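Q: Here it is, the structure, as structure tokens.
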Amino acid sequence: MAFFTSATQSIPEVAEIPKHIAVIMDGNGRWARKRFLPRVAGHKRGVETVRDVVKYCLNLKVEHLTLFAFSSENWRRPDDEVSFLMGLFMQALKREVEKLHKNNIKLVMIGDRSRFDAKLVAQIDASEKLTVNNTALTLTIAANYGGRWDVMQAMNKMQLAAPQLTGFYREEHLTPHLAMSYAPEPDLFIRTGGEKRISNFLLWQLAYTELYFTDTLWPDFNEAAFNLAIQSYQNRERRFGRTSEQLA
Ligand code: IPE
Ligand code: IPE
Ligand code: MG
105 MAFFTSATQS IPEVAEIPKH IAVIMDGNGR WARKRFLPRV AGHKRGVETV
155 RDVVKYCLNL KVEHLTLFAF SSENWRRPDD EVSFLMGLFM QALKREVEKL
205 HKNNIKLVMI GDRSRFDAKL VAQIDASEKL TVNNTALTLT IAANYGGRWD
255 VMQAMNKMQL AAPQLTGFYR EEHLTPHLAM SYAPEPDLFI RTGGEKRISN
305 FLLWQLAYTE LYFTDTLWPD FNEAAFNLAI QSYQNRERRF GRTSEQLA
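Here the working numbering is used: the first residue of the sequence shown is 105, the next is one more, and so on.
As structure tokens, this is what we get:
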């Protein structure tokens, strides 16, 4: 398992192109309602945006793209919307995995799988297995993911792995057990749909991530909108606690 720099332990390398982009894909329901369509029509359109954003990331040679597809709190939605989303997830996996594989993309799913039905879990496992050695881009889908769930499951694993350290745990004991320990911390976070909140996404990992919020709804998030986010990132001064003078 690779170990990456923690932004609080040492200063990460900063590049023009973010190595890791994490996205809250929000606004599907509102996109559909604006067109007098059922909310789920927006989710369907949102899958097309996913396909496009994967392409933009491949072109830019981004190493990691992490997409929030379903939060641990999204179970609170009406039953029919939840089952539609589960069905769409299954369908998208089945339809897209060969194409992802052909494009040398590695697919990983993070989140608590225990509430998914067995067929979906089997499809996730098979998709991950097929693409495990791919190297062009790692596409992580966060499904039934919650940042607090992640920290808690990592704490439990940490304690099992080193019970003798109780009372003396440090960051480096915890981070290998986090769901995204295989990836560097995100450089850029994007949330579409206008809300300015994290909604229990990657809480630990976003400590020094540059945050970008746009009113554009996810189904409308096209290449121009994506490029605006990248440009915004490129204009940030990532200080990690230091002064501007120290950077110069
Ligand atoms: C994001 O779009 C997709 C999921 C949460 C699954 P929403 O469904 O939250 O769309 P809005 O925010 O209601 O417009
Ligand atoms: C966050 O969007 C979760 C996903 C995009 C999967 P929500 O639409 O669920 O977030 P809130 O409820 O507005 O915070
Ligand atoms: Mg929403």
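Even for Gly, the Cβ is constructed at its ideal location relative to N, Cα and C. Every value quoted in this text rests on a predicted model; they were computed, and no experiment measured them.
#1: Tell me whether M129 is buried or exposed, calling it buried when 16 or more other Cβ atoms sit within 10 Å of its Cβ.
#2: Alpha carbons only, please: which of G251, Q338 and P267 is nearest the one belonging to Y316?
#3: When we look at the beta-carbon of Q227 and count the other beta-carbons within 10 Å, is it buried (16 or more) or exposed?
#4: Less than 8 Å between the CB of G150 and some heavy atom of ligand 4, yes or no?
#5: Quick check on R295: does DSSP put it in helix, strand or coil?
#6: Along the chain, where does the beta strand (DSSP E) containing H124 start, and where does it finish?
#7: Cutting at 6 Å between CB atoms, please list the residues of its own chain near M105, excluding the five before and the five after it.
#8: Let me make sure I understand the geometry here. Which of D324, E289 and S110 has the alpha-carbon closest to that of K138?
#9: Quick check: the Cα distance between V118 and T313, rounded to an integer number of angstroms?
#10: Reducing DSSP to helix, strand and coil, say where K210 ends up.
#11: Between the C-alpha atoms of H124 and I115, what's the straight-line distance to the nearest angstrom?
#12: Tell me whether F272 is buried or exposed, calling it buried when 16 or more other Cβ atoms sit within 10 Å of its Cβ.
#13: Should S186 and L171 be called a contact, given that it needs their Cβ atoms to be closer than 9 Å?
#14: Just to be sure I understand the criterion: a residue counts if its Cβ is closer than 6 Å to at least one heavy atom of ligand 2. Which residues meet that?
#15: So is the beta-carbon of W322 under 8 Å away from any non-hydrogen atom of ligand 1?
#16: Check I334 in the structure and name its three-state DSSP category.
#17: With DSSP as the reference, label I245 as helix, strand or coil.
#18: So who's on the other strand from S175, going by DSSP bridges?
#19: Assuming Y316 is part of the beta strand (DSSP E), what are its boundary residues?
#20: When you compare the region 132-150 with the region 215-231, are there three or more beta-carbon pairs, one atom per stretch, that lie closer than 8 Å?
#21: Leaving out five residues before and five after G215 in sequence, what residues of the same chain have Cβ atoms less than 6 Å from its Cβ?
A: Here's the rundown:
#1: Your numbering for residue 129 matches position 25 in the sequence shown. M129 should be labelled buried.
#2: For the purposes of this step, residue 316 is identified with residue 212 of the sequence shown, where counting begins at 1. If we check each option's Cα against that of Y316, Q338 comes out closest.
#3: For the purposes of this step, residue 227 is taken as residue 123 along the sequence shown, with counting starting at 1. Under this definition Q227 is a buried residue.
#4: Ligands displayed in this structure: ligand 1, ligand 2 and ligand 3; ligand 4 is not among them.
#5: Residue 295 sits at position 191 when you count from the first residue of the sequence shown. Reduced to three states, the DSSP call for R295 is strand.
#6: Along the sequence shown, one-based indexing puts residue 124 at 20. Start and end: H124 to I128.
#7: As a working note, residue 105 is residue 1 in the sequence shown. At M105 the pLDDT is 46, less than 50, meaning the model places this residue with poor confidence; the figure from the coordinates comes in the next sentence. Answer for M105: no residue qualifies.
#8: Residue numbering aside, residue 138 sits at position 34 when the sequence shown is read from its first letter. Of the listed residues, the one whose Cα sits closest to K138 is D324.
#9: Sequence index remark: in the sequence shown, residue 118 carries index 14 (1-based). Sequence index remark: in the sequence shown, residue 313 carries index 209 (1-based). C-alpha separation (whole angstroms): 11 Å.
#10: Looking up residue 210 in the sequence shown gives position 106. Looking at K210 - three-state DSSP - the assignment turns out to be strand.
#11: Sequence index remark: in the sequence shown, residue 124 carries index 20 (1-based). Sequence index remark: in the sequence shown, residue 115 carries index 11 (1-based). Distance between the alpha carbons of H124 and I115 is about 16 Å.
#12: The count along the sequence shown starts at 1 and reaches residue 272 at position 168. It counts as exposed.
#13: Looking up residue 186 in the sequence shown gives position 82. Looking up residue 171 in the sequence shown gives position 67. Rather than Ser, the amino acid found at residue 186 in this sequence is Val. Not in contact: V186 and L171 (Cβ atoms no closer than 9 Å).
#14: I128, M129, D130, F172, A173, F174, S175, N178, E299, R301 and S303
#15: Position 218 of the sequence shown, counted from the first residue, corresponds to residue 322. Answer for W322: yes, Cβ within range of ligand 1.
#16: Numbered from its first residue, the sequence shown carries residue 334 at position 230. Note: I334 maps to helix in three-state DSSP.
#17: Taking the first residue of the sequence shown as position 1, residue 245 is located at position 141. Of the three classes helix, strand and coil, the one that applies to I245 here is strand, per DSSP.
#18: In the sequence shown, counting from the first residue as 1, residue 175 sits at position 71. Paired residues: Y249.
#19: Taking the sequence shown and counting its residues from 1, one reaches residue 316 at position 212. Taken as a continuous stretch (DSSP letters only), the beta strand (DSSP E) holding Y316 covers E314 to F317.
#20: no
#21: Locating residue 215 in the sequence shown gives position 111, where the first residue counts as 1. The answer, listed in chain order, is A246, A247, N248 and Y249.
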